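So the sequence shown is residues -11 to 394, counted in this note's numbering.
Heads up, the beta-carbon is just placed ideally off N, CA and C, and yes, glycines get one too.
It should be emphasised that the depicted structure is a prediction, and the values quoted were computed from it without experimental measurement.
Everything on this sheet refers to the single structure shown next.
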Amino acid sequence: MTFVGVSLGAIIGAFVLASSSYEFDTKTKAFSAIIVVFLMYCAIALVGRDEISNSVNRRSEAQSSDLEVEGRLNSIEEAASYFGGSLRPADMFRLMSSRVRELVPFDMCALLMINYSEGRMRVVQTDGADARYLRGIETDINDGLAGSSLAASSVQIDRGTDGKRRTFTADVLNGYRSAAALPLTHNGEVFAVLELYSRSNTAFDGNSAGLLEAVSERIAPMILRSISFEQNLSKALTDPVTDLPNERAFYMIVENQLAESQRNRDGRPLSLLAVDIKNFANINERFGHAAGDRILNFVAQKIKEQLRQMDFFARSSNDEFLIILPTASEAVAAGIVARIYTEFAGCSYAVNEIQTVQIDLNFGASAFWKDGETAQSLLTVARERKEQSKTIVPSKVVWFPKEYIN
């Protein structure tokens, strides 16, 4: 609108000047002045238009960038909503790591869970090329960048420095030049710290702090839900009295072991053991269930001490325990039974200050392929042989599977 007005003004001025009685030289100079002024205005208007256009473009790009960031932040929230209650912590951490890396590039990350009672932090999840070097590391609750983040309840950045604030030692973080620590909070308390590491000196600049705070707020629910899922799953697979895996967990493991043995029948034997406590029902009735539970824990601990690291030990029901012996032939299984039997020879348990009870065990074993090829068939044979061991004169009693009896 202003440009139109100036143009009209120039035209009217030129018309008036042409109609005037001024001398030719005066009119020429006046026309020149009008043309110069008009051209200067056009140049100024053109530059101003470009600046306005650039400013609009910058605002548009900034808005587009903000929308992209917001979209990726929302994708983290969506992941938390969809998967938070159905993924184990390790799977959830990998998902979270990939989403965060899209927003804030990094080379490695670690999740440190906080134990306030012990004053320690422990790395429970990692992701990245050198992540294996961080797994399981423990550190003081006040140490390094993670300790600073915990104390301040805010994002802490260590960029291009000599690394004095790093949570871990220089040999573990060799080659990494920048780090950021994000506190994860629940109900106002920091429960974990996420540390990000980059090989670049310029990573995690001052503009990253606000974005990292937003990331921290969104990933905290993801981590909490996955931890809750793991705890619920653990409870569903754990015997509450002995803290051993329960029969449901036993079947899950034995199916995997059977699959391995079925792929290599001759080269990978597998044996199962069923064990219970002699006269446990009488002990329970005589001394009460509390004493019975203590005896179950006592027996479980002593059996566990005689097993190999690869063996799987579970409690079934009542006083029965189940054991999976991977790669164990019948001879190896017999050796393990003998070792447990020796451990309990002459074993007694002090029920109270006055009374003790003798602890003896009944055993039954089965071998893959020879006694069956399914979990149920192998367990049935092991339990039948365990019952047979309870007879007074077992050599004079022949036990058949139930399906053979008419």
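- A distance below 6 Å between beta-carbons, with the five flanking residues on each side excluded, links F275 to the following residues of its chain, in chain order: V339.
- For G198, the uninterrupted alpha helix (DSSP H) segment begins and ends at 196 to 224.
- Shown here, F268 sits in a helix according to DSSP, grouped into three states.
- Every beta strand (DSSP E) of 3 residues or more that sits fully in the region 112 to 140 is shown, in chain order, as 126 to 128.
- Measuring C-alpha to C-alpha distances from K358 to each of Q346, G323, L258, I347 identifies L258 as the nearest.
- Only residues of its own chain outside the window of five on either side were considered, and among them L284, N285, A288, R303 have a CB closer than 6 Å to the CB of T230, listed in chain order.
- Judged by DSSP secondary structure, A288 falls outside any beta strand (DSSP E) and instead within the alpha helix (DSSP H) spanning 277 to 293.
- Counting of Cβ neighbours within 10 angstroms places L221 among the exposed residues, the total staying below 16.
- The residues L225, T226, D227, I241, F300, F301, A302, R303, in chain order, have a CB closer than 8 Å to that of P233 in the same chain once the five nearest residues on each side in sequence are set aside.
- Counting along the chain, the unbroken alpha helix (DSSP H) around F332 starts and ends at 318 to 332.
- In the DSSP assignment, I241 falls within the unbroken alpha helix (DSSP H) covering 235 to 251.
- Rounded to whole angstroms, the separation of the alpha carbons of S216 and V92 is 27 Å.
- Cα atoms of E126 and R110: separation of roughly 4 Å, rounded to the nearest angstrom.
- With contact defined as three or more Cβ pairs closer than 8 Å, the region 75 to 94 and the region 199 to 207 are in contact.
- Look at D79 here: in three-state DSSP terms it is helix.
- Between A191 and L133, the gap from beta carbon to beta carbon reaches 8 Å or more.
- Shown here, V143 sits in coil according to DSSP, grouped into three states, outside any helix or strand.
- By the Cβ criterion, the region 329 to 346 is not in contact with the region 247 to 263, since fewer than three pairs of Cβ atoms, one from each stretch, lie closer than 8 Å.
- Exposure of R120 is indicated by the presence of fewer than 16 other C-beta atoms within 10 angstroms of its C-beta.
- In the assembly as shown, V160 is an exposed residue. Its beta-carbon has fewer than 16 other beta-carbons within 10 Å.
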